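Participant: In this note's numbering, each number is its position in the sequence shown, counted from 1, plus 455.
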Amino acid sequence: KTVLMLLESSAMQRSVYVWSRDHRIHHKFSETDADPHNSNRGLFFAHIGWLLVQKHPKFVEKRNEIDINDLKADPIVMFQKRHMALLSLVCGIIVPVIVPMLLWDESFMNAFIANTLRYLYALHSTFLVNSAAHMYGIRPYDELIEPRESNFAIYFTFGEGYHNFHHR
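1. Could you give the distance in angstroms between the alpha-carbon of Ala588 and the alpha-carbon of Leu599?
2. Could you tell me the distance, in whole angstroms, from the CA atom of Pro491 to the CA atom of Tyr472?
3. Here's the rule I'm using: 16 or more other beta-carbon atoms within 10 Å means buried, otherwise exposed. How should Leu541 be labelled?
4. Count the other CB atoms within 10 Å of the CB of Trp559; is the residue buried (16 or more) or exposed (fewer)?
5. When burial is assigned at 16 or more other CB atoms within 10 Å of the CB, is Ala528 buried or exposed?
6. May I ask you to report which of helix, strand or coil DSSP gives Ile521?
7. Looking only at its own chain, which residues have a Cβ that is under 6 Å from the Cβ of Arg469, when we skip the five neighbours before and after it?
8. Using beta-carbon positions only, say whether Leu583 and Gly614 come within less than 9 Å of one another.
9. Check whether the Cβ atoms of Ser485 and Glu604 sit closer than 9 Å, and answer yes or no.
10. What separation, rounded to the nearest whole angstrom, lies between the Cα atoms of Ser494 and Tyr610?
11. Are the CB atoms of Asn570 and Val552 within a distance shorter than 9 Å?
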């Protein structure tokens with residue numbers, strides 16, 4: 456669990472606590488105002504806009520109602536929540552930049568740019584699931600829900616674009 460927490464910290468996509476809480480809300484209230492990245496609010500909002508604007512009051516309301524006692528009881532999750540800034544800095548920037556410099560004699564600039572590209576790829580691949588996989592593609596499992604099997608997202612996310620199945 457500790458290794459997974461450190462790997463998640465390297466993604467720099469907020470803590471396991473916040474990510475899991477918001478993911479539970481997203482599944483319970485998908486495509487409503489309580490959904491943190493509601494695709495009905497448009498492609499830009501679903502992809503990245505949800506991070507740039509104030510949270511919808513319905514989301515805030517549901518965020519306070521969702522059961523996350525298992526997360527609160529997990530010492531690893533709570534450790535990461537308390538130390539997320541430092542863990543993200545170390546796991547997401549310092550280690551991925553320093554390791555290529557030490558092991559392969561890479562320049563700081565090359566290592567930094569490669570790490571930045573890694574981060575941007577991971578970030579936008581995740582965002583594709585929130586946007587493209589909720590808007591474009593087929594719904595072979597359940598036609599009554601918005602999440603879809605998005606071929607575009609499937610290739611960039613190594614399978615998470617099979618989103619219609621993920622939501623049921």
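All C-beta atoms in this analysis are idealised placements derived from N, C-alpha and C, irrespective of residue type, glycine included.
Predicted model only: the values in this text are computed from it and were never measured.
Facilitator: The answer reads as follows:
1. 15 Å
2. 15 Å
3. Label assigned to Leu541: exposed.
4. exposed
5. When all chains shown are included, Ala528 counts as exposed.
6. Ile521: coil per DSSP, three-state reduction.
7. none
8. no
9. no
10. 20 Å
11. yes
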